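Heads up, the thing below is written out as C-alpha cells.
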C-alpha cells in the first residue's frame, strides 16, 4: 500500500510532518510520501521523505506567470504529482497537458476524480494511478471505505476496464489502520490522507497507528 | 452521416442558415442539425431544423446566474448539445455534470476533445458521441481528414476501446463533400462544421455541395 | 427606484413572471425589469417587459462556442445586462471586455460586487451602475438593508468617490416594500431581487406588495 | 525607480539571476527584486536579493490543494507578490481576496492590469502599487514607454484619480536603461521586466546596462 499525505494549505510544520513520515517509512517499510505546497517542496525533500507536488501546470518552459512548472517541481525534489484534486479541478485538456508535462520530467502521476465514471476517464489519459475521492466525504473523518465501499470497488473496475496498468487509490476520511486495511480489501493500492495526519497533535504517532496493520 | 453546423458567434443570420439546413436535410435525407447561440435556440428551432445547444451548464435548477440550464435549452427546442468544445473547454467534473444534466432532459450529447487520449476519456463518461477536433486545424479550411487522417482513425479506436456504443465525429476544416466522404472512410459517423457553412455567401448551396456525395 | 428581478435558473415560468412584472410596472409606474436565462430572452421580451441578460460574454463576433454575444442578447430583446454576479464571477479583464461588448450594442450595464472595495473597482470600469450583494446574504430572506446597512452606505460612498455618475443598487435578501424603502434611504437607486419574486406562489402579488411603498 | 524582474517559467537558473540582481542592487543602490516560481522562492531568497512571489492564492490556511498560500510564500522568503499578471488573470473578487491574504502576512503588492480603466479598478482595491502592461507588447522587445506612452500617462492619471497613494509601474518590452528613463519621465515609479534579463546571456550585464542611467 502507498500512503500519500497531502498537506494542503494546513497550518502544520511541513518539515516536522515530513521528518516523521520519513522515519515511519524507514522503520516500517511502508511507502509514505508527503505532498506539501509548491513553496515547501525543497524543504520537504531535504528531509529525505518521498516528496510529491500537489499540482503541476499544463505548460512548458515559457511566458507563464504564477505557474508550477513540472521541471521546477522536479528540481525542487518532487518525484510525483497529484493532478485534478477536487480542490483544484482541471479542464480535461489541462489534465492531459499536465500529464504530458509530468512525464516529460519523470514525475509519477496520480489523477484524482470524484466517481467511477470520471475515474475511467482519468485512466484513459494514461497516468500511473488514479484516486477516487468522493468530495462529500473529504475532511469528514468518515472513511470512504466504510461510507461508500461501492464507489471504491466501482472505481477499481472502471479503471481496469479502460487500462489495467493504472493503479487505483482512494481517499476521503481515511485516518486509521483499519481504514487502510479496508481500502486494500476493496482493491485499492494506496490511500490519500490529509487532515488525519497533517492536523494530528503527533503526526508520527498518527502515521505509526495508520500503517501498523500493514507494517 | 450526421452533419452538425456550429454557428459559434458568427455574424450570420441563424434563421437563414437554419432554414437552408432544414430544406437540404428534407430534400436529401441527410441528417443536418444547427447549433446556434443560446439566445437563438428558439428562433432556430421554429424553422423545423434539428436544433442543438453549443453548451449546457453542469447544474440543476437553482441559484445560478448566467448559466444555460439543460431544461431551458430543451424548452427552447434543443434536442442535443455539444460539450467541451475547444473554444469552451470544461473541467472533467463539469463535463460529467453537464452530461448528467443533458441526460436528465433527454438531450443527445457530443463531447468534443482534441486528441485520441482525450477522446477515450470523453467516451468513458458515457456520452452519445464524441468529436475529435485538433484545435490547430479549426477554421483553417484544411480538413482534418486530409491534414491528419491518423487522428481520426486513432480517435475511432480510442473510443471503441473504452465503449463501442459511443459514436465518433470529426471536425476542423471540413467544408466539401469530399471531406465528408473522407471522414466516413476513416470511421467517423458524422462531422462538425462551422465557418464553411455559417460564413458561406449562400449557405444552402454550401450545404447542398457538402452532402451531395452522401445524399 | 429600479427593481431588477433575476430569474437565475429557478424552475419558474419566465413568461408568467415577465407578464406580471410588465403589468405591475405599467399600473404603478415603477421601473421593473426581468433577467431570464439567455435561452428565454426572446420569450420574455415579447411580453413587453424591460428585459435584461444575466451575463454577456467578453467577446466580439467570431469563433466562440457557448458564449452569449452582446449582439445576440440585444437581438433577442435585451436592453441591459448584469455582469459579475456572485454566481458568475468574472476576471477583472473580462468585466472590462464585457462592458465594452455591452456598450458596443447599447446594452445598459450593472456590475455586481461583494463589498465596497470591489464596488469602487467596478465603478472605475465605467458601467451605468454597480450593485452590492454580500454573498452570505443572497437567498437568505434577510435583507442587506437590515442585516448590514453599512455595506450599502459604504458602497454608495465607494462608487461616488470613483465616479459619481455611476448608480448604486443593492441586493441580497430583498423581498418586501419595507426592504425597498430601506434600500432607498441608504442611498441605493434600485434593488436586485430573485427568489422573493421568482419563487413566489403569486409573482404579481409579490411585486405589487414590493413596490407599494414607492408606487 | 523599482525594478522587478519576473522570471516567469523561463529556463533560466533562478539563483544565478538572483545573485546577479543582488550584486547590481548593492553596487548601484537601485532597488531590484526577483520574482521566481513558487518552488524557487526559498532558493532565490537565500541569495539575499529582494524576493517576490508571482502570485498568491485568494485563500487562508485550510483545505486547498495546489494553492500558494501567502503565509507559505512569506515563510519561503518573499516580501511581496505580483497579482493578476496578464498570464494569470484573476477574478475581481479573487484579486481582492489575494490582496487581503498578502496584507495579512505583510507582503507588498503590485496588481497588474492591461489598460488605464483596469488600473483604476485595481487601485480601488488598495494595493501598494499597480502595473500597466499592454498584453500585446509583452515579450516583444518594443518598450511600452515608446510604443504607447499615453497608456502609461493615462494609467498614472487613472490610479491617482482613485487613490494617489498607489504607485504605478509599467511593463512590457522594457529592456534598456533608456526605456527605464522614459518610464520614469512618464510618471512610473518602477518597471516590470522579464525576458530582457531572464533570457540574457549575461543577466548581470543586462541589469547593469539597465540601471546605469538611474544608478
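Protein chains in written order, with this note's numbering: chain A, 62 to 276; chain B, 62 to 276; chain C, 62 to 276; chain D, 62 to 276. We treat Cβ as the ideally placed atom computed from N, Cα and C, and that holds for glycine. None of these values were measured; they are calculated from a predicted model.
Neighbour flag for residue i against chain D, beta carbons, 8 Å
| i | result |
| --- | --- |
| residue 123(C) | no |
| residue 145(C) | yes |
| residue 178(C) | yes |
Any chain B beta carbon closer than 8 Å to residue i
| i | result |
| --- | --- |
| residue 162(A) | no |
| residue 181(A) | yes |
| residue 186(A) | yes |
| residue 200(C) | yes |
| residue 137(C) | yes |
Residues that residue i contacts on chain B, provided the C-beta gap is smaller than 8 Å
| i | result |
| --- | --- |
| residue 102(C) | 100 |
Check whether residue i and residue j have beta carbons under 8 Å apart
| i | j | result |
| --- | --- | --- |
| residue 241(B) | residue 275(B) | yes |
| residue 206(A) | residue 231(A) | yes |
| residue 71(A) | residue 265(A) | no |
| residue 228(A) | residue 250(A) | yes |
| residue 172(D) | residue 185(D) | no |
| residue 163(A) | residue 131(A) | yes |
| residue 292(A) | residue 115(D) | With chain A represented from 62 up to 276, any question about residue 292(A) goes unanswered, as that position is not in the structure. |
| residue 157(B) | residue 178(A) | yes |
| residue 233(A) | residue 199(A) | yes |
| residue 129(A) | residue 99(D) | yes |
| residue 187(A) | residue 135(A) | no |
| residue 196(A) | residue 175(A) | yes |
| residue 102(D) | residue 79(D) | no |
| residue 152(B) | residue 151(A) | yes |
| residue 159(D) | residue 202(D) | no |
| residue 93(A) | residue 85(A) | yes |
| residue 213(A) | residue 191(A) | no |
| residue 66(D) | residue 95(D) | yes |
| residue 124(D) | residue 148(A) | yes |
| residue 272(C) | residue 64(C) | yes |
| residue 181(B) | residue 62(B) | no |
| residue 169(A) | residue 141(A) | yes |
Where residue i meets chain B, residues with beta-carbon distance less than 7 Å
| i | result |
| --- | --- |
| residue 72(C) | 122 |
| residue 130(C) | 70 and 98 |
Chain-ordered chain C contacts of residue i [CB-CB under 7 Å]
| i | result |
| --- | --- |
| residue 156(D) | 153 |
| residue 112(B) | Residues of chain C passing the Cβ test: none, with the nearest at roughly 11 Å. |
Closer than 7 Å at the beta carbon, the chain D residues around residue i
| i | result |
| --- | --- |
| residue 175(C) | 154 |
Listed by chain order, chain A residues near residue i by CB distance under 8 Å
| i | result |
| --- | --- |
| residue 83(D) | Those do not exist, as residue 83(D) stays about 19 Å from chain A at its closest Cβ, beyond 8 Å. |
| residue 134(D) | 100 |
Test: residue i CB closer than 8 Å to a CB of chain F
| i | result |
| --- | --- |
| residue 223(D) | Among the protein chains of the structure shown, namely A, B, C and D, there is no chain F. |
Within chain A, partners of residue i - CB distance below 7 Å
| i | result |
| --- | --- |
| residue 169(D) | Result: empty, since nearest Cβ-Cβ is about 17 Å, beyond 7 Å. |
Proximal residues of chain A, C-beta to C-beta of residue i below 9 Å
| i | result |
| --- | --- |
| residue 150(B) | 152, 153, 154 and 155 |
Any C-beta of chain A under 8 Å from that of residue i
| i | result |
| --- | --- |
| residue 126(D) | yes |
Distance cut-off 7 Å: residue i Cβ against heavy atoms of the ligand MG
| i | result |
| --- | --- |
| residue 247(A) | The ligand MG is absent from the structure shown, which contains no ligand whatsoever. |
Q: Enumerate, from N- to C-terminal direction, the unbroken alpha helix (DSSP H) stretches of 4 or more residues contained entirely within the segment 105-137 of chain C.
A: List check, alpha helix (DSSP H) in window: 131-136.
Q: Identify each residue in the segment 260-274 of chain C for which the Cβ-Cβ distance to at least one residue of chain B is less than 7 Å, and report them in chain order.
A: Listed by position along the chain: nothing, the set is empty.
Q) When you check each C-beta in the segment 189-214 of chain A against every C-beta of chain D, which residues fall closer than 9 Å? A) If the cut-off is 9 Å between Cβ atoms, the segment 189-214 of chain A has 199 and 200 near chain D.
Q: Let me know the alpha helix (DSSP H) ranges lying completely inside the segment 154-234 of chain D, each 4 residues or longer, listed in chain order.
A: Restricted to the segment 154-234 of chain D, the alpha helix (DSSP H) segments that are unbroken, complete and at least 4 residues in length are 177-185, 205-208 and 210-223, listed in chain order.
Q.
To test your reading of the DSSP string, which unbroken beta strand (DSSP E) runs of 3 or more residues are found completely within the segment 230-273 of chain C?
A. Within the segment 230-273 of chain C, the complete beta strand (DSSP E) segments at least 3 residues long are 251-254, listed from N- to C-terminus.
(Q) As an exercise, report each continuous beta strand (DSSP E) stretch of at least 3 residues that is fully enclosed by the segment 67-101 of chain D, in chain order. (A) Segments of the beta strand (DSSP E) lying fully in the segment 67-101 of chain D: 92-96.
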